[in-house]
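A quick write-up on the structure given underneath.
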Amino acid sequence: MEGIKAFTIMMKDIEVMKVDFSTLRYEVLQESYIPYPIRGKLRKITDPRDIRTSYDITQSMIAARKNEEAIVSWLANRVLLLSRANAKWIYNMCHFEQVGTDEQRMKIAMACRGVSVLDPYWLKFEEDGGLCWSQVDVKQNPLNEIVAQVALHGKSLTLQGSLLTPELTTNGAYAKAWRRHDDSRLWLYKLGANGNTESRIEVMCSNLLDKMNVEHVRYEAGEDEGKYVCMCPCMTEESKAILTGMEFISYCNVNGMDPDAEMFRIDGESIYRMWIVDFLISNRDRHGQNWGFFYDTESMEILGCHPLFDHNNAFDIDFMRDMDAPYQFGEMTIRQAARKAMEQVDFHFTVPVGREDFITERQYKSFRKRAEYLGLWVEG
Numbered sequence: 003m004e005g006i007k008a009f010t011i012m013m014k015d016i017e018v019m020k021v022d023f024s025t026l027r028y029e030v031l032q033e034s035y036i037p038y039p040i041r042g043k044l045r046k047i048t049d050p051r052d053i054r055t056s057y058d059i060t061q062s063m064i065a066a067r068k069n070e071e072a073i074v075s076w077l078a079n080r081v082l083l084l085s086r087a088n089a090k091w092i093y094n095m096c097h098f099e100q101v102g103t104d105e106q107r108m109k110i111a112m113a114c115r116g117v118s119v120l121d122p123y124w125l126k127f128e129e130d131g132g133l134c135w136s137q138v139d140v141k142q143n144p145l146n147e148i149v150a151q152v153a154l155h156g157k158s159l160t161l162q163g164s165l166l167t168p169e170l171t172t173n174g175a176y177a178k179a180w181r182r183h184d185d186s187r188l189w190l191y192k193l194g195a196n197g198n199t200e201s202r203i204e205v206m207c208s209n210l211l212d213k214m215n216v217e218h219v220r221y222e223a224g225e226d227e228g229k230y231v232c233m234c235p236c237m238t239e240e241s242k243a244i245l246t247g248m249e250f251i252s253y254c255n256v257n258g259m260d261p262d263a264e265m266f267r268i269d270g271e272s273i274y275r276m277w278i279v280d281f282l283i284s285n286r287d288r289h290g291q292n293w294g295f296f297y298d299t300e301s302m303e304i305l306g307c308h309p310l311f312d313h314n315n316a317f318d319i320d321f322m323r324d325m326d327a328p329y330q331f332g333e334m335t336i337r338q339a340a341r342k343a344m345e346q347v348d349f350h351f352t353v354p355v356g357r358e359d360f361i362t363e364r365q366y367k368s369f370r371k372r373a374e375y376l377g378l379w380v381e382g
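The numbering of the sequence shown is the working numbering, which starts it at 3 and goes up by one.
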C-alpha cells in the first residue's frame with residue numbers, strides 16, 4: 003500500500019507478526035498472540051523459491067491480498083469513524099484526509115501506533131530501535147490534552163505533542179475524551195448530543211443498575227469546561243483486554259463456530275442478564291461494540307462478559323411504547339428475550355427501586371410496567 007511502511011504487530015513487548023505490504027511479507031512470529039479479529043483469516047504464502055508455475059504465482063498473490071485485507075480491516079476498525087461527534091475536527095487538526103475508507107483509517111492507526119485502551123496491541127516500526135510497551139502504553143504515559151479538548155469540545159486547535167493518544171482509537175457516536183484523575187486511573191468523559199439529556203440518562207441507568215445483581219460500569223456526573231458530562235473509569239487492565247461482540251461474532255463465523263452457542267458456553271448468565279436489563283430500561287442501542295468479553299492477555303483465554311456499559315440511549319420514547327420491538331439477539335422481540343432470560347437466571351433487585359430513581363414520570367412508569375411483567379416489584 004502506497005506510503006505505508008513495514009511494521010511489527012506487538013502484544014506488549016512480544017513480537018507477534020511482521021508485515022510489509024510492499025514485499026508481501028506476512029511473517030507470524032507468535033501464533034498464540036494473533037489478534038482475535040485476524041485469527042483464521044491469514045493465508046500461507048508460498049515461498050518464492052517454491053513457485054514453479056503461473057498458478058503458483060496467482061495463488062500467492064490471492065493469499066497476499068487476503069492477508070492485506072485482514073490486517074487493514076483490523077487496524078481500520080481500531081480507529082474512530084468520521085461520523086463520531088467532533089471526528090472531523092480531529093482529522094483536520096491532525097491533517098488527515100477526511101475520507102472514511104479503510105486505507106485512510108489504517109494510515110491514522112499507523113500515526114498513533116494503533117494504541118488503544120481496549121487491549122495491549124501496538125505497531126512498532128523498523129526505525130524504533132529499543133522502543134518498548136511501557137513507552138507507548140496510554141495507561142502509563144501522559145495524555146495529549148490538545149487532542150482531548152478537540153475530541154470532547156470540537157475546538158479548532160493546533161496539534162502539539164505526540165499522537166500516542168487513545169482519542170483516535172475510541173469509537174462510538176458521541177463526543178468523548180479520556181482524562182487522568184488524581185489516582186492515575188483513566189476516566190472516559192462523554193457529552194450528550196442534545197444538551198445533557200443523554201449524559202443524565204447514562205448516570206440514571208448506572209444508579210439503577212447499582213440496585214440489580216448485574217455487573218456494570220459505574221458512571222458518575224461530572225463537569226468539563228462548564229458542560230455536564232457523564233464519566234466512567236477505564237475497565238481494562240494490564241492483564242485483561244476486551245473483545246467486542248462484533249469481533250467475537252466475526253471470529254466465530256470465520257473459524258466455523260456458532261456465535262450463539264459459544265457466547266452462552268462462555269458466559270450465558272451475563273448474556274441473559276443483559277437481555278433483562280435492556281428490556282427494563284428500553285435500550286434500543288445494544289450494538290456489537292457495547293457488549294463483549296474480557297480475555298486474558300497472557301493466555302489469550304476468553305474469560306467472560308465484561309461489565310455492561312453505554313446506556314445513554316436507554317428509555318427511548320418509541321422503544322418505551324413498544325414492548326415487542328425487535329431485539330438484536332436470537333430473532334426475538336425484546337420482551338420475548340427478557341422472558342426467556344428470566345427463566346434461565348436469578349435476576350433481582352438488591353435494593354428497592356422507586357420513583358426517585360428516574361428523571362421523568364414516563365421513564366418510571368415504563369420501567370415499573372416492564373418489571374411487573376417479569377415479576378419484579380417496583381415501589382409505588
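The C-beta atom is built at its ideal place from N, Cα and C for all residues, glycine as well. All figures in this text were calculated on a predicted structure; none of them were measured in a lab.
Check your understanding: CB-CB under 7 Å to ARG45, same chain, minus the five flanking residues each way: which ones, in chain order?
Key -> Exclusion of the five residues before and after ARG45 leaves ALA65, LYS68, ASN69 as the residues of its chain whose Cβ lies within less than 7 Å of its Cβ.
Check your understanding: Under a three-way DSSP split, which group does LYS2 fall into?
Key -> The chain is shown only over 3 to 382; residue 2 falls outside these bounds and no answer can be derived.
Review point. Looking at C-beta atoms only, is the number of pairs between the region 287-307 and the region 195-206 that lie closer than 8 Å three or more?
Key: At 8 Å Cβ cutoff, the stretches do not touch.
Practice item. Could you tell me which of THR25, THR335, LEU77, LYS7 sits nearest to PHE281, measuring between CA atoms? Key: Out of THR25, THR335, LEU77, LYS7, THR335 has the C-alpha closest to the C-alpha of PHE281.
Exercise for review: Could you pull out every unbroken beta strand (DSSP E) segment of at least 3 residues lying fully inside the region 24-90, listed in chain order?
Suggested key: Positions of the beta strand (DSSP E) runs, each at least 3 residues long and wholly inside the region 24-90, are given as 27-30 in order along the chain.
Review point. According to DSSP, what are the bridge partners of PHE351?
Key: Paired residue(s): MET214.
Point to revise | Distance CB(SER201)-CB(CYS232) smaller than 8 Å | key: With a cutoff of 8 Å on beta-carbon distance, SER201 and CYS232 are scored as near each other.
Review point. Tell me the DSSP bridge mates of ASP139?
Key: Assignment of beta-bridge partners to ASP139 by DSSP yields no partner.
**Study point:** Exposure label - GLY383; buried when at least 16 CB within 10 Å
**Key:** In the structure displayed, the chain extends from 3 to 382; residue 383 sits before or after that span and is not available.
Practice item. Pick helix, strand or coil for PHE9, following the three-state DSSP scheme. Key: In this structure, DSSP gives PHE9 an extended state, which the three-state scheme calls strand.
**Study point:** 8 Å Cβ cutoff met for ARG181 and CYS236
**Key:** Not closer than 8 Å, so no.
Check your understanding: Buried or exposed: where does ASP348 fall if 16 or more other Cβ atoms within 10 Å of its Cβ makes it buried?
Key -> Taking a 10 Å sphere around the C-beta of ASP348, we find fewer than 16 other C-beta atoms and assign the residue as exposed.
Point to revise | DSSP three-state assignment for TYR274, whether helix, strand or coil | key: In the displayed model, TYR274 falls within a helix according to three-state DSSP.
Check your understanding: According to DSSP, is GLY247 helix, strand or coil?
Key -> Three-state DSSP puts GLY247 in a helix.
Exercise for review: Can you give me the Cβ contacts of ASP15 inside the same chain, cut-off strictly under 8 Å, excluding the 5 residues immediately before and after it?
Suggested key: A distance below 8 Å between beta-carbons, with the five flanking residues on each side excluded, links ASP15 to the following residues of its chain, in chain order: CYS134, TRP135.
Practice item. Look at LEU245 and ILE304 and say whether their C-beta atoms are less than 8 Å apart. Key: In contact: LEU245 and ILE304 (Cβ atoms closer than 8 Å).
Exercise for review: Ignore the nearest five residues each way along the sequence and tell me which others in ARG27's own chain have a CB closer than 8 Å to its CB.
Suggested key: Closer than 8 Å at Cβ, skipping near neighbours: ALA8, LYS20, VAL21.
Exercise for review: Decide if HIS183 is buried, meaning its Cβ has at least 16 other Cβ atoms within 10 Å, or exposed.
Suggested key: Exposed, since its Cβ has fewer than 16 Cβ neighbours within 10 Å.
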